[in-house]
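K.L.:
Attaching a single structure in structure tokens format; questions to follow.
Residue numbers (our numbering): 2 to 218.
Structure (structure tokens):
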């Protein structure tokens, strides 16, 4: 998503004969950043304080009603590209194709992330894996506990904990978006997109945690 956003930014810059000559260019750029933050909350299923603040800031700058939604914003982007052609800012040939290809790559990136979110392993399979892990972990612990040497019981207990942690790690990898503690640092990714497209000084480009933070969201 980050590389697709940079391609969108560079495509807009490449098509401008005189940067800053029309506010529509900046509108398309800024709206894409808002779409990225909306994707953040859509994938997580909840909205973080940083995401809420960035979304409100961008909605205010774009003068649109709160909660417009990602799909409607994507449609606004398509209308914006048509408006560029209508105003003669780009031609209806290669320039429009270049911009639409960049937009299509963004849509494919979003579709890939949504596929990860919406196609987890079936609940019955997840339950089976969990039971198997606990069964073999507990069996290993009990078998080692029967050995007379006291250290083997400790090894068995550590092995049981290892099995459980491996199962939990697999569950987290199955859904990398929802957990604020163990999921992907969505706010930092969106802040990077904001910095790339709007500059480091924009409020939405400031990550929620500093670079030395032990936990990113």
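The C-beta atom is built at its ideal place from N, Cα and C for all residues, glycine as well. As the structure is a computational prediction, the values presented were derived from the model and not from experiment.
Verify whether the separation of the beta carbon atoms of residue 38 and residue 59 is less than 8 Å.
P.N.:
Position 37 of the chain shown holds residue 38. Position 58 of the chain shown holds residue 59. Contact: yes.
K.L.:
Quick one: Cα of residue 182 to Cα of residue 174, how far?
P.N.:
Working through the chain shown from its first residue, we reach residue 182 at position 181. Working through the chain shown from its first residue, we reach residue 174 at position 173. Residue 182 and residue 174: Cα-Cα distance of roughly 13 Å.
K.L.:
Hey, could you find the ends of the alpha helix (DSSP H) residue 74 is sitting in?
P.N.:
Locating residue 74 in the chain shown gives position 73, where the first residue counts as 1. Where residue 74 is concerned, the enclosing alpha helix (DSSP H) stretches over 71 to 87.
K.L.:
Hey, quick one: how far does the alpha helix (DSSP H) through residue 185 stretch, first residue to last?
P.N.:
Counting from 1 along the chain shown, the entry for residue 185 is found at position 184. Segment: none, residue 185 is in no alpha helix (DSSP H) and carries neither H nor E.
K.L.:
In three-state terms, what does DSSP make of residue 59?
P.N.:
The sequence position of residue 59 within the chain shown is 58, counting from 1. Helix at residue 59.
K.L.:
Quick one: give me the first and last residue of the alpha helix (DSSP H) that residue 111 is part of.
P.N.:
Start at 1 with the first residue of the chain shown, and residue 111 comes out as number 110. From DSSP, the alpha helix (DSSP H) with residue 111 extends over 95 to 119.
K.L.:
Indicate the three-state DSSP secondary structure (helix, strand or coil) for residue 175 in the structure shown.
P.N.:
Reading the chain shown from its first residue, position 174 is the one you call residue 175. Residue 175: helix per DSSP, three-state reduction.
K.L.:
Measure the alpha-carbon distance for residue 65 versus residue 162 and round it to whole angstroms.
P.N.:
Here residue 65 corresponds to residue number 64 of the chain shown, with the count starting at 1. Here residue 162 corresponds to residue number 161 of the chain shown, with the count starting at 1. Looking at the two C-alpha atoms, the distance is approximately 51 Å.
K.L.:
Give a yes or no on whether the C-beta atoms belonging to residue 209 and residue 196 are separated by under 8 Å.
P.N.:
Taking the chain shown and counting its residues from 1, the one referred to as residue 209 is at position 208. Taking the chain shown and counting its residues from 1, the one referred to as residue 196 is at position 195. No, they are not a contact pair.
K.L.:
Take residue 244 as the anchor and find which of 184, 159, 160 has the nearest alpha-carbon.
P.N.:
Shown here, the chain extends from 2 to 218; a query on residue 244 therefore has no answer.
K.L.:
Following the continuous alpha helix (DSSP H) through residue 33, name the residue where it begins and the one where it ends.
P.N.:
The residue given as residue 33 occupies position 32 in the chain shown. Where residue 33 is concerned, the enclosing alpha helix (DSSP H) stretches over 24 to 45.
K.L.:
Mapping the DSSP letters down to three states, classify residue 50 as helix, strand or coil.
P.N.:
As a working mapping, residue 50 is identified with position 49 in the chain shown. Three-state DSSP puts residue 50 in a helix.
K.L.:
When you measure from the CB of residue 104 to every non-hydrogen atom of the ligand SAH, does any distance come out below 7 Å?
P.N.:
In terms of ligand content, the structure shown is empty, and the ligand SAH therefore cannot be addressed.
K.L.:
Out of curiosity, what's the CA-to-CA distance linking residue 81 and residue 179?
P.N.:
Within the chain shown, residue 81 is the residue found at index 80, counting from 1. Within the chain shown, residue 179 is the residue found at index 178, counting from 1. Whole-angstrom Cα-Cα distance: 32 Å.
K.L.:
Just how far apart, CA to CA, sit residue 120 and residue 204?
P.N.:
On the chain shown, position 119 is the one that residue 120 refers to. On the chain shown, position 203 is the one that residue 204 refers to. One C-alpha to the other measures close to 34 Å.
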